[in-house]
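Novice: Let me begin by handing over the structure; questions about it come next.
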Amino acid sequence: MLDFRIVDKLQKLDEDIQRDQLRYHSKRVLVSKEFTFDAAHHLHAYDGKCKNLHGHTYKVVLGVSGYPDDRGLVIDFGDLKEIWKEKIEIYLDHRYLNETLPPMNTTAENMVVWIYEKLAEALQEKGFDDARVEFIRLYETPTSYAEARREWMEDE
């Protein structure tokens, strides 16, 4: 077991480590961030209990890939959170999805594609030209999810 110790000296940029050492490699890397939101909806053309107004605590996982910049980052997790909060969550959290989303049946399958498209659009708008959405996974319950993947979205 390693002994615990407090560092003797905190590294300083341009003294102890050079800027060209910050970027370790030039391989594509996937980063992901999870969020939750609560929302109500009901389904049209459906004969199960989901035809009635009901709610879920959804969990969404955003997967974005790209090449690390000079700092070694594909995208700052804070930037991903900002995109989520400003461009996507505002339509979802504590909302009646049948009103706030574009006309659609508010199934997890439809919603996950909408989230994919909104994230891809926001990455471009914010200047993350090298980043691309790899997948979105939307959990409607802890054991049930729908997923959209880049290869499906671009090939079809």
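So the sequence shown is numbered by my numbering: it starts at 1472 and just counts up by one.
Ideal Cβ placement from N, Cα and C applies to all residues, glycine included.
Quick caveat, the model's predicted, so the values are computed rather than measured.
Can you list, in chain order, the stretches of the alpha helix (DSSP H) that have 4 or more residues and sit fully within the region 1505–1573?
Specialist: 1548–1554 and 1568–1571
Novice: Is it buried or exposed for histidine 1512, if we count other Cβ within 10 angstroms and need 16 for buried?
Specialist: buried
Novice: Determine which residues share a DSSP beta bridge with alanine 1591 and list them.
Specialist: None, per the DSSP bridge assignment.
Novice: With distance defined between alpha-carbon atoms, name the residue in Met1582, Val1604 and Lys1589 nearest to leucine 1514.
Specialist: Met1582
Novice: Tell me, please, whether the region 1515–1535 touches the region 1543–1561 by the rule of three or more beta-carbon pairs shorter than 8 Å.
Specialist: The region 1515–1535 vs the region 1543–1561: in contact.
Novice: Cα separation between leucine 1484 and leucine 1493?
Specialist: Near 9 Å, if we compare the C-alpha coordinates of leucine 1493 and leucine 1484.
Novice: Looking at histidine 1527 and threonine 1614, is the spacing between their C-beta atoms short of 8 Å?
Specialist: no
Novice: Using DSSP with H/G/I as helix, E/B as strand and the rest coil, what is isoleucine 1488?
Specialist: strand
Novice: Alpha carbon to alpha carbon, what distance is there between aspartate 1626 and tyrosine 1538?
Specialist: The straight-line gap from Cα to Cα measures roughly 22 Å.
Novice: If you compare alpha carbons, which of Arg1603, Asn1576, Leu1501 and Leu1594 is closest to leucine 1524?
Specialist: Asn1576
Novice: Could you pull the start and end residues of the beta strand (DSSP E) that arginine 1620 belongs to?
Specialist: 1615–1620
Novice: With 16 as the cutoff for other CB atoms within 10 Å, does tyrosine 1451 come out buried or exposed?
Specialist: Since the first residue of the chain shown is 1472 and the last is 1627, residue 1451 is not available in this structure.
Novice: Who are the Cβ neighbours of proline 1573 in its own chain at under 8 Å, not counting the five residues just before and after it?
Specialist: Result list for proline 1573: Trp1585, in chain order.
Novice: Just to confirm the assignment, what range does the beta strand (DSSP E) spanning phenylalanine 1606 have?
Specialist: 1603–1612
Novice: Would DSSP call valine 1478 helix, strand or coil?
Specialist: coil
Novice: Expressed to the nearest angstrom, what Euclidean distance is found between the alpha-carbon atoms of alanine 1510 and tyrosine 1517?
Specialist: 19 Å
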